[in-house]
Amino acid sequence: MEKFTKLVSRAIPLPIENVDTDQIIPARFLKATSKAGFGENLFRDWRFHKDGSSKEDFILNNSNYSGKILVAGENFGCGSSREHAAWALEDYGFKVIISSYFADIFRGNALNNGILPIKIEKEKLTLLLQHLDQNPNAEIEVDLEHQTLSLAEIDLKETFEIDPYKKMCLINGYDDIDFLLSKKEAIAQFEMQ
Amino acid sequence: MKKTLFDKVWDAHVVDTVPNGPQILYIDKHLIHEVTSPQAFAELEQRGIPLARPDRTVATADHNVPTINQHLTIKDALSRKQVAMLTENCERHGVTLYGLGHPYQGIVHVMAPELGITQPGMTMVCGDSHTSTHGAFGTIAFGIGTSQVAQVFASQCLLLNKPKKMRITVNGNLGPNVLPKDVILYIIAQLGTNSGTGHFVEYAGEVFENMSMEGRMTVCNMSIEMGARGGMIAPDQTTFDYVKGREFAPQGEDWNKKLAYWKTLPTDPGAEFDTEYEFDAADIAPMITYGTNPGMGIKITEHIPELDDTSFNKSLSYMGLKKGQSLLDHPINYVFIGSCTNSRIEDFRMVASHIKGKKKAPNVTALIVPGSQQVAKQIKEEGLEEIFENAGFEIRQSGCSACLGMNEDKIPAGEYCVSTSNRNFEGRQGPGARTFLTSPLVAAATAVEGKVVDVSQIEMV
Chain R
24 MEKFTKLVSR AIPLPIENVD TDQIIPARFL KATSKAGFGE NLFRDWRFHK
74 DGSSKEDFIL NNSNYSGKIL VAGENFGCGS SREHAAWALE DYGFKVIISS
124 YFADIFRGNA LNNGILPIKI EKEKLTLLLQ HLDQNPNAEI EVDLEHQTLS
174 LAEIDLKETF EIDPYKKMCL INGYDDIDFL LSKKEAIAQF EMQ
Chain P
78 MKKTLFDKVW DAHVVDTVPN GPQILYIDKH LIHEVTSPQA FAELEQRGIP
128 LARPDRTVAT ADHNVPTINQ HLTIKDALSR KQVAMLTENC ERHGVTLYGL
178 GHPYQGIVHV MAPELGITQP GMTMVCGDSH TSTHGAFGTI AFGIGTSQVA
228 QVFASQCLLL NKPKKMRITV NGNLGPNVLP KDVILYIIAQ LGTNSGTGHF
278 VEYAGEVFEN MSMEGRMTVC NMSIEMGARG GMIAPDQTTF DYVKGREFAP
328 QGEDWNKKLA YWKTLPTDPG AEFDTEYEFD AADIAPMITY GTNPGMGIKI
378 TEHIPELDDT SFNKSLSYMG LKKGQSLLDH PINYVFIGSC TNSRIEDFRM
428 VASHIKGKKK APNVTALIVP GSQQVAKQIK EEGLEEIFEN AGFEIRQSGC
478 SACLGMNEDK IPAGEYCVST SNRNFEGRQG PGARTFLTSP LVAAATAVEG
528 KVVDVSQIEM V
């Protein structure tokens with residue numbers, strides 16, 4: 024897993040609530056047997072017409088916007104547990120997702136793929152979305168070590184929460200398998216009970 | 078200390094606690110399928126790690142499989158490859174597989190309970206969010222991502238923070254033709270799609286006590302649709318009677334020992350929950366969803382609410398519906414009766430009892446997709462097949478089918494489908510498809526009338 028410490032990037036606003044993982048990557052694209060290439064079909068049916076041409080009104084097709092940060096409405100990532108959603112976001116280039124609420128399974132999947140889900144208050148999220156709507160070039164700074172998110176031009180400086188263990192994993196690029204294997208003896212003992 | 082059902086099962090599976098961090102939770106049973114396991118097997122092989130406990134892992138092919146001619150080679154190349162890879166991976170790692178053609182093949186959450194693999198007091202996981210289904214047995218069961226599938230492969234454990242506890246109590250008696258599906262759709266409509274985030278839910282009260290295991294599975298199945306990690310119902314005599322004698326259920330002295338333990342699992346009186354909700358069964362009626370998340374549900378006699386926000390408007394525009402509109406008499410061309418929510422024998426008995434001697438409306442394509450080969454066999458043995466065929470319903474072979482449209486069973490763009498499945502997300506049943514989630518009874522009645530009908534007025538045979 025890639026290490027994550029600090030990111031300064033422009034951001035893409037997606038002011039839609041309850042974005043489910045079927046929208047992030049529809050089921051018909053889950054037939055791959057590797058993790059690569061899912062970015063191509065990220066938000067497939069919002070991004071493209073049936074014939075494969077771009078839907079001009081969808082934000083990812085708006086050339087004014089780019090960046091490694093996605094700012095989305097509350098309850099992002101709800102529904103199916105498919106990790107393909109996290110792979111698709113990662114493959115497309117997102118490193119940070121900001122919302123006022125994440126679905127549990129998606130949040131875990133994101134963290135396991137080096138994507139940082141940042142939860143902020145709903146009012147702050149609205150503020151951020153509004154600002155990005157008018158200012159596509161605004162740059163957001165995310166500092167994992169200090170757990171801060173800031174957008175200087177609107178005086179926004181938020182601290183966010185993250186599980187200390189997961190923070191350590193992201194900063195060092197570790198994953199849970201390494202940790203669990205280091206606990207082999209304790210697990211074997213538990214199995215003897 | 079007074080403990081909840083969830084505390085008791087969770088605490089009994091904690092191997093270790095990371096200081097200021099998550100806990101290591103031991104997993105009793107790991108269910109896998111073709112779609113969310115290949116990358117996990119690959120991860121293990123790349124790192125040279127063997128499967129820790131293949132004997133605690135059970136596989137089936139369900140998500141992308143065709144529901145016609147399962148004895149033939151799968152036509153879709155990508156599906157064929159995924160299923161072949163599952164077979165190879167299971168062979169190489171010594172995992173039991175109930176693949177296509179096996180008499181135990183079926184939707185993972187139908188197959189495991191009916192074989193007695195699912196038992197009270199266990200921890201179970203699967204790379205599928207509807208793993209919450211197994212909570213009906215007083216099991217901690219939840220969906221995981223593929224990285225976590227790899228973690229369980231490698232260690233038979235997961236690193237998790239203990240979720241919060243929620244209790245939803247429903248007392249009283251359900252009205253006529255109000256089914257378990259209506260109960261859970263009602264709860265989700267009342268609480269919203271993210272009300273359960275961070276929680277494990279216990280369903281308590283007379284309504285769940287009086288429910289069959291099939292009904293309890295339907296309820297627990299949809300816990301994820303309110304954002305909860307899982308749902309549980311305390312094991313009782315109904316549970317024990319269901320499990321006893323099944324293929325992998327404990328037997329003899331082992332049964333007695335386990336039974337004694339299972340009886341200790343229900344929540345202690347006075348144990349505390351982080352969040353509690355209470356509903357009256359008398360307020361619940363046959364339900365239908367109108368929007369693009371399962372929380373957008375109304376009683377079938379109610380009108381679509383008149384809200385005004387971007388997401389709500391986007392949803393109604395996708396559905397081609399208007400605020401304030403009633404769904405009664407709404408014409409329907411597709412009916413899907415199946416999925417891990419409602420594809421068990423009890424569901425098909427309910428459907429058969431309603432459509433016996435009737436015919437589907439000429440405009441309707443009605444699909445019956447049994448949850449497993451065993452359910453399909455029961456449908457035949459109980460004579461339901463004839464009833465479905467006479468009514469003009471198509472009976473298919475088992476799999477996830479039109480619930481998520483990974484195989485050929487898709488609803489065409491713009492068409493409405495009354496579906497007994499669990500998700501009405503945009504494009505879930507096929508690009509552009511519009512889903513109304515209901516109980517199997519509403520689905521059956523709709524197929525007969527060709528339009529949405531109020532089943533509370535229907536006399537059951």
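So the protein sequences, as listed, match chains R and P. Numbering follows the working numbering, in which position 49 of the first sequence is assigned residue number 72; successive positions increment by one, without gaps. Numbering follows the working numbering, in which position 45 of the second sequence is assigned residue number 122; successive positions increment by one, without gaps. Don't be surprised by glycine CBs; every beta carbon is placed ideally from N, CA and C.
Examine chain P for any beta-carbon lying closer than 8 Å to the beta-carbon of residue i, and answer yes or no.
{"i": "residue 196 of chain R", "result": "no"}
{"i": "residue 104 of chain R", "result": "yes"}
{"i": "residue 204 of chain R", "result": "yes"}
{"i": "residue 36 of chain R", "result": "no"}
{"i": "residue 124 of chain R", "result": "yes"}
{"i": "residue 66 of chain R", "result": "no"}
{"i": "residue 97 of chain R", "result": "yes"}
{"i": "residue 156 of chain R", "result": "no"}
{"i": "residue 51 of chain R", "result": "yes"}
{"i": "residue 120 of chain R", "result": "no"}
{"i": "residue 258 of chain R", "result": "Any question about residue 258 of chain R goes unanswered here, given that chain R covers just 24 to 216."}
{"i": "residue 223 of chain R", "result": "Nothing about residue 223 of chain R can be reported from this structure: the residues present for chain R run from 24 to 216 only."}
{"i": "residue 47 of chain R", "result": "no"}
{"i": "residue 43 of chain R", "result": "yes"}
{"i": "residue 175 of chain R", "result": "no"}
{"i": "residue 137 of chain R", "result": "no"}
{"i": "residue 40 of chain R", "result": "yes"}
{"i": "residue 132 of chain R", "result": "yes"}
Step through the CB atoms of chain R and report whether any lies within less than 8 Å of the CB of residue i.
{"i": "residue 92 of chain P", "result": "yes"}
{"i": "residue 103 of chain P", "result": "yes"}
{"i": "residue 159 of chain P", "result": "yes"}
{"i": "residue 187 of chain P", "result": "no"}
{"i": "residue 137 of chain P", "result": "no"}
{"i": "residue 492 of chain P", "result": "no"}
{"i": "residue 233 of chain P", "result": "yes"}
{"i": "residue 190 of chain P", "result": "no"}
{"i": "residue 500 of chain P", "result": "yes"}
{"i": "residue 383 of chain P", "result": "no"}
{"i": "residue 95 of chain P", "result": "yes"}
Tell me, which residues are paired with residue i by DSSP?
{"i": "residue 244 of chain P", "result": "P/279 and P/353"}
{"i": "residue 93 of chain P", "result": "P/101"}
{"i": "residue 92 of chain R", "result": "R/34 and R/119"}
{"i": "residue 307 of chain P", "result": "P/277"}
{"i": "residue 201 of chain P", "result": "P/106 and P/218"}
{"i": "residue 408 of chain P", "result": "P/528"}
{"i": "residue 365 of chain P", "result": "P/375"}
{"i": "residue 183 of chain P", "result": "P/449"}
Given this structure, state the Cα-to-Cα distance separating residue i from residue j, to the nearest angstrom.
{"i": "residue 85 of chain P", "j": "residue 302 of chain P", "result": "25 Å"}
{"i": "residue 191 of chain R", "j": "residue 33 of chain R", "result": "25 Å"}
{"i": "residue 501 of chain P", "j": "residue 73 of chain R", "result": "20 Å"}
{"i": "residue 18 of chain P", "j": "residue 222 of chain P", "result": "With chain P represented from 78 up to 538, any question about residue 18 of chain P goes unanswered, as that position is not in the structure."}
{"i": "residue 174 of chain P", "j": "residue 167 of chain P", "result": "7 Å"}
{"i": "residue 100 of chain P", "j": "residue 52 of chain R", "result": "34 Å"}
{"i": "residue 132 of chain R", "j": "residue 468 of chain P", "result": "45 Å"}
{"i": "residue 398 of chain P", "j": "residue 342 of chain P", "result": "46 Å"}
{"i": "residue 448 of chain P", "j": "residue 179 of chain R", "result": "51 Å"}
{"i": "residue 214 of chain R", "j": "residue 434 of chain P", "result": "56 Å"}
{"i": "residue 354 of chain P", "j": "residue 114 of chain R", "result": "41 Å"}
{"i": "residue 512 of chain P", "j": "residue 490 of chain P", "result": "11 Å"}
{"i": "residue 186 of chain R", "j": "residue 482 of chain P", "result": "36 Å"}
{"i": "residue 429 of chain P", "j": "residue 522 of chain P", "result": "11 Å"}
{"i": "residue 285 of chain P", "j": "residue 418 of chain P", "result": "16 Å"}
{"i": "residue 156 of chain R", "j": "residue 109 of chain R", "result": "24 Å"}
{"i": "residue 264 of chain P", "j": "residue 160 of chain R", "result": "43 Å"}
{"i": "residue 420 of chain P", "j": "residue 472 of chain P", "result": "12 Å"}
Residue i touches chain C at which residues, Cβ-Cβ below 8 Å?
{"i": "residue 236 of chain P", "result": "Looking for chain C here will not work: the only protein chains present are R and P."}
*Can you find at least 3 beta carbon pairs, one from the segment 457-467 of chain P and one from the segment 191-203 of chain P, that sit closer than 8 Å?*
No: fewer than three Cβ pairs fall under 8 Å.
*Within the segment 479-508 of chain P, ranges of the beta strand (DSSP E) (whole runs, at least 3 residues)*: Listed in chain order, they are 493-496.
*Counting only runs of 4+ residues fully inside the segment 410-472 of chain P, write out the alpha helix (DSSP H) ranges in chain order.*
The qualifying runs are 422-432, 450-458 and 461-467.
*Inspect the CB distances between the segment 305-320 of chain P and the segment 136-150 of chain R and report whether three or more fall short of 8 Å.*
Note that the segment 305-320 of chain P does not touch the segment 136-150 of chain R; fewer than 3 beta-carbon pairs, one per stretch, sit closer than 8 Å.
*Count the C-beta pairs between the segment 367-386 of chain P and the segment 482-489 of chain P that are closer than 8 Å, then say yes if the count reaches three, no if not.*
Flag = no, the segment 367-386 of chain P and the segment 482-489 of chain P do not touch.
*Any chance the segment 233-248 of chain P sits against the segment 273-282 of chain P, with 3 or more Cβ pairs inside 8 Å?*
Touching, yes, given that three or more Cβ pairs across the two stretches are closer than 8 Å.
*Quick one: which unbroken beta strand (DSSP E) runs of 3-plus residues sit fully inside the segment 128-158 of chain P? Chain order, please.*
Counting whole runs of 3 or more residues, the segment 128-158 of chain P contains the beta strand (DSSP E) stretches 134-137.
_Three CB pairs or more closer than 8 Å across the segment 133-149 of chain P and the segment 170-186 of chain P_ = For the pair of segments examined, the segment 133-149 of chain P was found to touch the segment 170-186 of chain P: the number of CB pairs separated by less than 8 Å reaches three.
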